[in-house]
Structures are given as C-alpha cells and as structure tokens.
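Each residue of the sequence shown is one higher than the one before, starting from 7 at the first, in the numbering used here. Ideal placement from N, C-alpha and C gives every residue a C-beta, glycine not left out. Here the structure is a predicted model, which means the values were calculated and not measured.
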Amino acid sequence: MPLSKLYDEALVYASELHRTQVRKGSGTPYIAHLLSVSSRVLAAGGTEVQAIAGLLHDAAEDQGGQATLDEVRKRFGHDVAQIVADCTDSWIEPKPAWRPRKEAYLSVLASKPAASLLVSLADKVDNAEAILNDYRNIGDELWGRFTGGQEGTIWYYRRLSEIFSLALPSALAQQLALTVASFPAT
C-alpha cells in the first residue's frame, strides 16, 4: 500500500511538535520512537490512518493536550485523532499520580477499538525494547528514569502484555511478551 502525501504531512508535523524532545535518559531524538511506532504499525498490516496515528500518538499527551488533539483532528481527520486520544493516558497538567493513572489506562485498554490497540501495542513494544536494551547497557541505574521505578515499570509492562495477548493476539503481542519476559525479576 503506497502512503499518501498526508503521511508526509504528518511526519513533518510530528517532527515539528517533538523537535526538542528526547527519549528518557538516552538523548535520542524523540522522532526516532515515533518513526519506529509507525513502522511497526505498517509492518503489522496497519492502515495509513494507523501509521499516521503512530507518528502522532504522543502529540496531545506531550505537546499541548486538547488543543493539539483538536489540531490533529483538523489536519488528519477524526479517525487519527480518535486513535491518538485512545493512546493518551492523561489530559491533565500536572499529570495525576503515576500508579492511579496507569491503573486507569489499563482498566479501559481492552475495550479500545482494534485500530487503536494496534498503535498502542506498537508503542508499548518499542518502549519495552528500549527499556530492555538500556537495562542491558546500564543495568539497574536505568530504573531511576521512571516514576514507577523498577517494580512499577515492570508491573505495568507485564499487565500491558497480558491485556494485549488477549485483546489483540498477534506477532506484535508475542514480541511484547518476549521482551517483557526478559525484564529482570522484581
């Protein structure tokens, strides 16, 4: 499936929104994560709408909340905006406490549409692989980057893996399960 100019526009928009953002602790430009999520969506058979949402999945959460979501809807359509909204765990600044926020996200995740689940799953696989790679490179120092620390972060990704394995069984869900299984024991 060839991608349209709308995908190109989303790529530029995502790059502009996240230009100064880097991955936690690594200094890697954040756009690398967004490209990876979009690529994983396409490799898993996702649509252009889902691939665009993969590029923009953190736009509202990290770069302006509802106003940014409204702009995403205007530029890229309702379906993209809905997936972005479904991938967002907080609209409030400052964000609520980490554990209740994650519990709330997990409690509704399985009920999300399959289109949104694929984008969220691609995001979580990319995040989990980055965590595992960083753990292998720097060890326990890694956990200081995360509000949930080692125990909370591993709990969260294990729950995500359980939910995705049931709600969207796929090779991507298996990849998440394998990655999370490689996390250290808590």
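Secondary structure of residue i, DSSP reduced to three states
i           : result
residue 175 : coil
residue 8   : coil
residue 35  : strand
Spatial neighbours of residue i in its chain, beta-carbon cut-off 7 Å, leaving aside the 5 residues before and after
i          : result
residue 61 : 16, 17, 20, 40, 44
residue 56 : 47, 89, 121, 124, 125
Closest residue to residue i among the options (Cα-Cα distance)
i           : options           : result
residue 160 : 28, 93, 108       : 108
residue 115 : 89, 136, 133      : 89
residue 184 : 96, 131, 84, 68   : 131
residue 53  : 65, 141, 28, 12   : 12
residue 101 : 50, 38, 66        : 66
residue 111 : 137, 72, 163      : 163
residue 29  : 136, 192, 96, 142 : 136
Range of the contiguous alpha helix (DSSP H) that encloses residue i
i           : result
residue 141 : 120-144
residue 188 : Element bounds for residue 188: n/a, residue is neither H nor E.
residue 55  : 54-62
Proximity below 9 Å, CB of residue i to CB of residue j
i           : j           : result
residue 145 : residue 152 : no
residue 204 : residue 76  : A query on residue 204 cannot be resolved here, the shown segment of the chain reaching from 7 to 192 and no further.
Contacting residues, own chain, Cβ-Cβ under 6 Å from residue i (five flanking each side not counted)
i           : result
residue 140 : 148
residue 23  : 65, 69
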